[in-house]
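Enquirer:
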DNA sequence: CTCGTGGATACTGTATACAGTATTCAGCCT
DNA sequence: AGGCTGAATACTGTATACAGTATCCACGAG
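Residue numbers (full-length UniProt numbering), protein chains in the order written: chain A, 1 to 221; chain B, 1 to 221.
Given below as C-alpha cells:
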C-alpha cells in the first residue's frame, strides 16, 4: 500500500485564533492600548465567540494578556524587575540544558549545532525582529539537542512571553551585532566537557543579553 | 470609611471544575483507566458542558490529561525517561532559586525557612501523601523566598504534573523518612554564601530524590 | 464462520441564546 | 455648575442547540 495515513492533526479553530493573535502581537499589530473583545474578534474572524474565548483565556493563563478592568483583554505589561526575573529563569533553563549537553558529550550533535549557528547568524541587513528570531532559533537548538521536553516547554513559555511583552523592542537601539557573534563559543565550552564551565558560560551569555537589553531600555528612555 | 472593598475575585465555574479534578486525581479517585467525558462530568456536577470543557482542555494543555483515541480524556502516563527529565527540570529551577537566595544573603529570610522546615517536617505517622505535601511545601518555600515569579510558576507546573502522573505513588515502598531529614542542611549551605555550592547541594538533594524514586518503582515492580 | 458494510451511538467542536454584572452617560436635583 | 441616580450599553460567563466525525455493533453476503 502506497498511501499514507492522513494525520488529521486535530486542528481546532481556537488554535488558529491563538496563532493569529500571537503573530499579530509579534508584528506589532496589537499594541498595549488595544482592547481585545471576544465579540469584536469573533465578528472580524467570522467565527463564533467560543473558540475566540478559548484562545484569549489561554493567553491570559500564559500571562500574555490580562483582563482590562472595563472588560476586554489587554497586553500585559512587564516591569524592569520582572524582566530581570525572566532572564534569571532563562539562565536556569538554558544553563541546565548546557550541563546536560556537556554530560552527554556527543561530538556529532555539537557539530550539527555549529552548522546551524553559522547558517543562522549569517544575516544580511537584519532588523531587530530578524535578530530576535535568529537568536531564539539558535538558543532553541541547544534546548532541542538537550532533549528534555519539560525544559523545552519552559523555554517556549519564557520566549513566548518575552515576545508578548514586546521585550525586545527595547533593544532597537542597542548594538545588535555585538550580541549575535558568540554562540559558537558556547558550543566550544560544552565540547571541553566541563559542566560547571558550560553552565557559567551560558549564564554569562544570558547576563550579557540582559545588560544589552537594559542599555537599550535606558537609551530609548 | 471602615469598609473594605469586596474583592469579588472572579471565580469561574471552570476554575472550580479544574480544582475538583486536580483534587480527585491527587486523591486517586481518578485512575489511569477512567475516561473523563465532558457530558458525563457536566451531568455529575450539574452544570453545562462549557466550563467542564474549559477545565479539561486546560489540563490537557498542561500535559496532565490527553485525549483518548476513542473520545474522552485520560490521565497521561509518564515513562521512566520522562521522570528523569522531570527531575532534571526540577534541578534547574530549584538550583537557580538556591543561587538567587545565596546571592541575596538575607539571614532573616533563612531563619524563617528554618522555622518552617522544622514545623513541616514534624509529622506524626505520615502517609505517602503527607510526605509528598510536606516535601512540596518546604521546597516551595525556598522558591517563594527567591521571589522570582517565573521560576515559581515553573515549579508549580512541574510539581502539578508530578502529582498528576501519580509520580509519588511509586515511593510508597521507599524509605520516606530518609528523604525528609536534610532540608535544614540546604539552608545551611545557602548561608555559607557559596553560590556554586548551593546549586550543587540542591542538585544533589533532588538527585537523591530521583534515586529514591527509582528504587521505589523497582521495588514495586 | 468470517469479513465487509451500513447504520446507530457517543463524543467533540462550534454556534447561538440567555443571564448577570460592571461601566458609562444623560438627566435631574441642589 | 456639580454631583447623584438610574437606565442603556457593553461585556463576560453559562447553557443549550446543532453539526460533524470516529467508533462500535449487528446484520448480511461470501
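Every residue gets a Cβ at the ideal spot worked out from N, C-alpha and C, and that includes glycine.
In chain A, which residues lie with their C-beta within 9 angstroms of the C-beta of residue 85(B)?
Expert: Ordered by position in chain A, the residues that pass the 9 angstroms Cβ test against residue 85(B) are 147, 148, 149, 150, 151.
Enquirer: With distance defined between alpha-carbon atoms, name the residue in 136(A), 215(A), 165(A), 147(A) nearest to residue 156(A).
Expert: Among 136(A), 215(A), 165(A), 147(A), the Cα nearest to that of residue 156(A) belongs to 136(A).
Enquirer: My parser needs the alpha helix (DSSP H) runs of 4 or more residues fully inside the stretch 178-211 of chain B; what are they?
Expert: Complete alpha helix (DSSP H) runs here, min 4: 183-192.
Enquirer: Across which residues does DSSP place residue 223(A) in a beta bridge pair?
Expert: Because chain A in this structure spans residues 1 to 221, residue 223(A) falls outside the shown range and cannot be described.
Enquirer: For residue 131(A) and residue 209(A), what's the separation of their Cα atoms in angstroms?
Expert: So the alpha carbons of these two residues sit roughly 12 angstroms apart.
Enquirer: Just the C-alpha distance for residue 11(A) and residue 17(A), rounded to the nearest angstrom, thanks.
Expert: Their Cα atoms are separated by approximately 11 angstroms.
Enquirer: How far does the alpha helix (DSSP H) with residue 116(A) in it extend, from its first residue to its last?
Expert: Segment 107-121, the alpha helix (DSSP H) holding residue 116(A).
Enquirer: Classify residue 52(A): buried if its beta carbon has 16 or more other beta carbons within 10 angstroms, exposed otherwise.
Expert: So residue 52(A) counts as buried.
Enquirer: Check whether the stretch 139-153 of chain B touches the stretch 93-100 of chain B, taking contact to mean three or more Cβ pairs, one atom from each stretch, closer than 8 angstroms.
Expert: Cβ pair count under 8 angstroms is three or more, so yes.
Enquirer: Hey, is residue 134(B)'s beta-carbon within less than 8 angstroms of any beta-carbon in chain A?
Expert: Closer than 8 angstroms: no.
Enquirer: If you draw a straight line from the C-alpha of residue 129(B) to the C-alpha of residue 26(B), how long is it?
Expert: If you take the alpha carbons of residue 129(B) and residue 26(B), they lie about 9 angstroms apart.
Enquirer: From residue 28(B) to residue 111(A), what distance separates their C-alpha atoms?
Expert: Distance between the alpha carbons of residue 28(B) and residue 111(A) is about 47 angstroms.
Enquirer: Need the endpoints of the alpha helix (DSSP H) that residue 36(B) sits in, please.
Expert: No alpha helix (DSSP H) holds residue 36(B); DSSP gives it neither H nor E.
Enquirer: Return the Cβ separation of residue 206(A) and residue 88(B) in integer angstroms, given the expectation that the two are a contact with Cβ distance under 8 angstroms.
Expert: Going by Cβ atoms, the distance from residue 206(A) to residue 88(B) rounds to 19 angstroms, so no, they are not a contact pair.
Enquirer: Would you mind reading off the limits of the alpha helix (DSSP H) that contains residue 95(A)?
Expert: Its alpha helix (DSSP H) spans residues 80-104.
Enquirer: Tell me whether residue 1(B) sits in a helix, a strand or coil according to DSSP, three-state version.
Expert: Caution is warranted here: a pLDDT of 46 is assigned to residue 1(B), below 50, making its placement in the model unreliable, and no coordinate value can be reported.
Enquirer: What first and last residue would you give for the alpha helix (DSSP H) that runs through residue 165(A)?
Expert: Here residue 165(A) belongs to no alpha helix (DSSP H), and DSSP marks it neither H nor E.
Enquirer: Give every residue of the same chain whose Cβ lies closer than 7 angstroms to the Cβ of residue 105(A), excluding the five residues on either side of it in the sequence, and list them in chain order.
Expert: If we look at residue 105(A) and ignore the five residues flanking it on each side, its Cβ neighbours are 193.
Enquirer: Please list the terminal residues of the continuous alpha helix (DSSP H) segment that includes residue 16(A).
Expert: First-last of the alpha helix (DSSP H) with residue 16(A): 13-26.
Enquirer: With a threshold of 8 angstroms on Cβ separation, who are the neighbours of residue 1(B) within its own chain once the five nearest residues in sequence on each side are excluded?
Expert: Interpretation of residue 1(B) is limited by its pLDDT of 46, a score under 50 that renders its predicted location unreliable; the figure taken from the coordinates is listed afterwards. The answer is none, since no qualifying residue turns up.
Enquirer: From the beta carbon of residue 96(A), is the nearest beta carbon of chain B less than 8 angstroms away?
Expert: Chain B contact via Cβ: present.
Enquirer: Determine, using beta-carbon pairs with one atom in the stretch 62-79 of chain A and one in the stretch 42-49 of chain A, whether at least three such pairs fall under 8 angstroms.
Expert: Because the criterion of three Cβ pairs below 8 angstroms is not met, the stretch 62-79 of chain A and the stretch 42-49 of chain A do not touch.
Enquirer: Below 8 angstroms on the Cβ atoms is my guess for residue 36(A) versus residue 65(A); work out the distance and round it to an integer in Å.
Expert: Going by Cβ atoms, the distance from residue 36(A) to residue 65(A) rounds to 7 angstroms, so yes, they are a contact pair.
Enquirer: Counting only beta-carbon separations shorter than 8 angstroms, does residue 78(A) have a partner in chain B?
Expert: Answer no: the Cβ-Cβ gap between residue 78(A) and chain B never drops below 8 angstroms.
Enquirer: Of all the options 119(B), 127(B), 124(B), which has the alpha carbon lying nearest to the alpha carbon of residue 141(B)?
Expert: Checking every option, the nearest Cα to that of residue 141(B) belongs to 119(B).
Enquirer: What does the Cβ neighbour count give for residue 216(A), buried or exposed, with the cut at 16 atoms within 10 Å?
Expert: Looking at its Cβ environment, which holds 16 or more other Cβ atoms inside 10 Å, residue 216(A) is buried.
Enquirer: Residue 91(A) to residue 202(B), Cα distance in whole Å?
Expert: So the two alpha carbons sit approximately 16 angstroms from each other.
Enquirer: What distance in whole Å lies between the Cβ atoms of residue 83(B) and residue 183(B), which are believed to be in contact at a cut-off of 8 angstroms?
Expert: Incorrect: roughly 22 angstroms between the Cβ atoms, too far for contact.
Enquirer: Helix, strand or coil for residue 60(A) per DSSP?
Expert: In this structure, residue 60(A) counts as helix in the three-state DSSP scheme.
Enquirer: Excluding the 5 residues preceding and the 5 following residue 60(A) in the sequence, name in chain order all residues of the same chain whose CB lies nearer than 8 angstroms to its CB.
Expert: Closer than 8 angstroms at Cβ, skipping near neighbours: 66, 67, 73.
Enquirer: Would residue 163(B) count as contacting chain A if we go by Cβ distances under 8 angstroms?
Expert: So no, residue 163(B) is outside the interface.
Enquirer: Would you say residue 88(A) faces chain B, with C-beta separation under 8 angstroms as the test?
Expert: Taking Cβ atoms only, chain B reaches closer than 8 angstroms to residue 88(A), which makes this a yes.
Enquirer: Under the rule that 16 or more other beta-carbon atoms within 10 Å means buried, what is residue 127(A), buried or exposed?
Expert: Per the 10 Å Cβ criterion, exposed.
Enquirer: Looking at the C-beta of residue 91(B), does it have a partner C-beta in chain A at a distance below 8 angstroms?
Expert: Yes, contact with chain A.
Enquirer: To the nearest angstrom, how far is the alpha carbon of residue 24(A) from that of residue 30(A)?
Expert: So the two alpha carbons sit approximately 6 angstroms from each other.
Enquirer: Measuring CA to CA, which of 123(B), 117(B), 21(B), 19(B) is closest to residue 186(B)?
Expert: It is 117(B).
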